[in-house]
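Notes follow once the structure below has been shown.
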Amino acid sequence: MDNSSGFGTGPLGKAILGRIQVSPGRKRVPGSPAGLAIGGLTAVLALTCPALPDPADTAPSARTASHVRSSEAGPRRAADPRRAAGPRRAGDPRQVIVTGRPGQQSAVARAVLRAGGTVRRPLPVVHGLTALVPADRLAQVGSAPGVRAVSPDARGRLLSVDPDLGYDVEADDGSLHRIAKITHAREAWRNGITGAGIDVALIDSGVAPVTGLTSGNVINGPDLSFESQNAALRNTDTYGHGTHLASIIAGRDVPADGSQYAKADKTHRFNGLAPDSRVISLKVAASDGGSDVSQVIAAIDWVTQHGQDDGLNIRVLNLAFGTDSTQSADLDPLCYAVENAWRAGIAVVVAGGNDGTERQELANPAASPLVMAVGASDPAGSIGIGNDVVPEFSQRGTSDRHVDLLAPGVHVLGLKVPNGAIDGRNPQARVGDRFFRGSGTSQAAAVVSGLAALYLSQYPQATPDQVKAALTDSAVLPSQIQVLHGGYGIPDVHTALVHNPPQASQPASGATGTGSLESARGTSHVHDGYTELTGEQDIFGQVWDGAAWAGASAAGTSWTGGDFNGTTWTGAGWAQGGSNAGWESHAWSTDSWSSHAWSEYVWESHAWSVGGWDSHAWSDSSWDSHAWSGGSWGSHAWSTAGWF
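Using numbering that gives the first Met the number 0, the first residue of the sequence shown is number 0, and each one after it goes up by one.
Shown next as structure tokens:
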């Protein structure tokens with residue numbers, strides 16, 4: 000599955016098509032398948048697809064560990080004639096999976112045939128096929144136009160699939176347990192560092208109360224989305240994006256201690272990277288992802304102003320939203336909003352963007368040099384990061400501003416919203432009854448947000464600059480990735496935690512935030528069925544005064560009770576006297592930007608999608624069949640031919 004189609008097609012449309020102008024001086028210096036019952040688990044015959052070693056990589060990473068586990072269950076197979084005794088010769092055929100780029104399956108087949116290989120089975124889900132290729136021609140196939148990767152097709156491995164989860168927590172590349180091994184979060188858990196005491200603000204599409212996010216690990220902040228006017232939709236997730244990311248950050252089936260979170264045996268339960276942290280959900284997106292920049296800025300300012308109120312301790316902000324702003328990050332109000340949150344003591348983690356096939360520049364506000372901009376990495380079938388690659392969809396950035404960190408962001412298994420927009424459109428992404436796979440810099444950013452929460456739970460006095468320095472100092476850049484494409488690489492949070500916070504202070508960015516709200520939107524606009532929202536106005540049609548807002552945002556006074564930019568957006572406090580009950584709602588009495596009363600709109604799930612909401616902005620994959628995928632890496636997982 001290649002997720003190179005960028006920020007969005009379908010309801011989200013295409014995003015990040017313009018150019019972010021970064022001014023000089025802001026350069027960043029470096030279903031559960033049937034099988035055999037074994038020990039309370041289900042053993043399913045499946046295939047793995049570890050990446051072929053890079054010929055230049057003669058010294059594997061010290062952290063590389065084999066994920067192929069043997070099993071003595073059942074009789075041995077008859078010997079494969081291609082695996083006969085004796086040394087392999089250079090021209091001996093190797094059974095491989097050749098994955099291609101979207102629309103390039105024919106080119107993949109031609110590459111195999113030109114190399115003297117034989118095509119065995121098409122695999123349209125990954126735009127590729129299985130083949131027999133002479134060993135000395137594998138490099139030729141791998142470098143051919145249209146080919147994404149060439150990987151061994153290892154037959155007959157037993158995956159220990161947990162029947163409750165529907166996947167192998169140890170061997171599945173998308174498993175959060177495996178991602179915790181890659182980032183060394185498991186060592187942190189074993190040492191009792193689980194994110195306790197840290198709140199992570201998630202500005203997204205809301206969080207649904209599904210198992211894994213109902214054990215006291217989610218609090219609803221204000222709902223600033225278009226769906227906030229329907230009590231049945233308020234503060235929940237009709238889309239599915241926010242729930243997926245919340246589960247990566249702080250999912251937790253059952254509260255436990257760190258040693259239990261780290262287990263992978265039959266007692267394992269699902270948990271995210273910082274399972275004892277809390278997600279403070281600020282919903283800004285409707286059922287198709289529709290949201291305006293003014294809503295996102297309002298949410299960021301709320302977090303900055305209220306992050307320590309009423310028992311909250313918001314120290315991390317996760318934002319997977321991005322636009323192709325047409326102005327400098329020095330002027331852009333969205334960039335300025337995240338910088339104000341950073342200066343207020345909140346480590347801001349922003350997805351770099353998913354339009355890497357068409358642009359290098361990072362999305363806005365990842366363009367800000369202060370925040371942590373995150374790109375996606377593909378683990379390529381191994382725990383060690385030496386052979387990791389940056390998938391094409393992930394925006395790299397430029398020499399003026401590139402991503403700071405990478406994190407696994409391919410086929411990540413998170414919680415789904417049953418019958419939500421994404422779940423309904425992508426049944427092939429489902430794994431078991433509770434999960435689906437997603438690829439994007441959003442997932443990668445959620446991983447880093449979880450790691451930041453772990454770090455802050457151990458060092459609560461650390462500043463955002465120190466958190467960024469600790470994670471980047473511990474990071475390792477995969478051998479095949481340039482600094483320009485991967486920043487400092489993939490964090491090793493255990494290494495970061497064993498050292499005291501470094502002395503670190505980033506220079507002031509010099510940003511003013513006085514630029515244009517319309518320029519901050521770039522090509523990302525919402526439409527309410529009457530007219531598109533454009534110009535220097537927010538969703539209520541209120542005039543945007545950049546200079547006045549910038550001063551109030553920097554001073555932490557842009558919100559007065561439930562009022563923002565001269566209009567009442569939400570309630571003024573926690574409902575029923577406590578944060579666990581959620582933030583108060585408010586009926587919108589002011590007209591929309593198109594001068595229509597909000598009461599005229601039909602507030603029901605998916606209504607806005609029909610009405611034409613089209614934000615083009617959420618920086619997590621394309622929400623179509625190329626973005627979400629079930630199965631495992633292996634020809635039989637992608638094929639309907641059955642299990643061997």
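Note that CB positions come from ideal geometry on N, CA and C, so glycine has one too.
It should be emphasised that the depicted structure is a prediction, and the values quoted were computed from it without experimental measurement.
TODO: Run through the region 343 to 421 for me and flag every whole beta strand (DSSP E) of 3 or more residues, listed as ranges in chain order.
DONE: 346 to 350, 371 to 376, 404 to 407, 411 to 414
Open item on the list: Could you compute how far the alpha carbon of S174 sits from the alpha carbon of D329?
Closed with: The C-alpha of S174 lies about 39 Å from the C-alpha of D329.
Task: Straight-line gap, I37 to D432 (C-alpha atoms, nearest Å) - done: Because the pLDDT at I37 is just 23, under 50, the model does not fix this residue reliably, and the point stays unresolved.
Task: Contacts around L112, its chain only, beta-carbon distance under 8 Å, and the 5 residues preceding and following it disregarded - done: V118
Task: Cβ separation of Y238 and A420, assumed to be a contact under 8 Å, to the nearest whole Å - done: 5 Å
TODO: Report yes or no: do three or more beta-carbon pairs, one from the region 540 to 556 and one from the region 504 to 512, lie closer than 8 Å?
DONE: Counting Cβ pairs under 8 Å, three or more are found: they touch.
Task: Counterpart residues of G127 in DSSP-defined beta bridges - done: L122
TODO: Work out the CA separation of A495 and A134 for me, nearest whole Å.
DONE: 41 Å
- [ ] Mind checking which residues open and close the alpha helix (DSSP H) that includes R185?
- [x] 184 to 189
- [ ] May I have the straight-line CA-CA distance separating L272 from L369, to the nearest angstrom?
- [x] 23 Å
TODO: Count the other CB atoms, across all protein chains shown, that sit within 10 Å of the CB of Q502; report buried if there are 16 or more and exposed otherwise.
DONE: exposed
Open item on the list: With a threshold of 8 Å, are at least 3 pairs of Cβ atoms found where one atom belongs to the region 474 to 492 and the other to the region 395 to 412?
Closed with: yes
Open item on the list: Is it the case that the region 210 to 225 contacts the region 241 to 261, given that we only count it when at least three CB pairs across the two stretches are under 8 Å?
Closed with: Yes, they touch.
Task: Identity of the residues DSSP links to Q481 by a beta bridge - done: DSSP lists no partner for Q481.
Open item on the list: Quick check: what's the CA-CA separation for P500 versus V107?
Closed with: 49 Å
- [ ] Can you give me the Cβ contacts of G24 inside the same chain, cut-off strictly under 7 Å, excluding the 5 residues immediately before and after it?
- [x] Note on G24: pLDDT 30, under 50, position unreliable in the model; no value is reported.
- [ ] Below 8 Å on the Cβ atoms is my guess for A143 versus A170; work out the distance and round it to an integer in Å.
- [x] Actually they are not in contact, since the Cβ atoms of A143 and A170 sit about 29 Å apart, beyond 8 Å.
Open item on the list: Once the 5 residues before and after G102 are set aside, which same chain residues still bring their CB inside 6 Å of it?
Closed with: Contacts found: none.
Task: Length of the line joining the Cα atoms of V132 and G141 - done: 11 Å
TODO: Give a single yes or no on whether A549 has its beta carbon closer than 6 Å to a heavy atom of the ligand MG.
DONE: Ligands displayed in this structure: none; no statement on the ligand MG is therefore possible.
Task: Any 3 or more C-beta pairs closer than 8 Å across the region 286 to 305 and the region 188 to 196 - done: no
Open item on the list: Using only CA atoms, which one of A547, V278, L311 lies nearest to L318?
Closed with: Comparing alpha carbon positions, the residue from A547, V278, L311 closest to L318 is V278.
Task: DSSP three-state assignment for E583, whether helix, strand or coil - done: Looking at E583 - three-state DSSP - the assignment turns out to be coil, as it is neither helix nor strand.
Task: Whether A452 touches I192 by CB criterion (7 Å) - done: no
- [ ] Please say whether V160 and H267 have beta carbons closer to each other than 7 Å?
- [x] no
Open item on the list: Looking only at its chain, what residues have a beta carbon closer than 8 Å to the beta carbon of A263, apart from the 5 residues adjacent to it on each side?
Closed with: V168, E169, H176
Open item on the list: When you compare the CB positions of A284 and S224, do they come within less than 7 Å of one another, or not?
Closed with: yes
TODO: Go through the region 236 to 311 residue by residue and report every complete run of the alpha helix (DSSP H) that reaches 4 residues or more, in order.
DONE: 240 to 249, 257 to 260, 292 to 305
Task: Bounding residues of the alpha helix (DSSP H) (the contiguous stretch that carries I652) - done: Nothing about residue 652 can be read from this structure; the chain reaches only from 0 to 643.
TODO: Compute the distance between the beta-carbons of G408 and A362, then report whether it is under 7 Å.
DONE: no
Open item on the list: Can you check which of these residues, G545, T559, T569, D527, is closest to H595 by C-alpha distance?
Closed with: D527
Task: Neighbour-count burial assignment, V542, 16 or more Cβ in a 10 Å radius - done: exposed
- [ ] Could you check what DSSP says for H595 in three-state terms: helix, strand or coil?
- [x] coil
Task: Inter-residue spacing [alpha-carbon to alpha-carbon] between D590 and E226 - done: Roughly 15 Å separates the two Cα atoms.
Open item on the list: Counting C-beta neighbours from all protein chains within 10 Å, is the total for N731 16 or more, i.e. buried, or is it exposed?
Closed with: Outside the displayed span of the chain (0 to 643) sits residue 731, for which this structure offers no information.
Open item on the list: For S523, tell me which candidate among V295, A184, N216 has the shortest Cα-Cα distance.
Closed with: The residue with the shortest Cα to Cα distance from S523 is V295.
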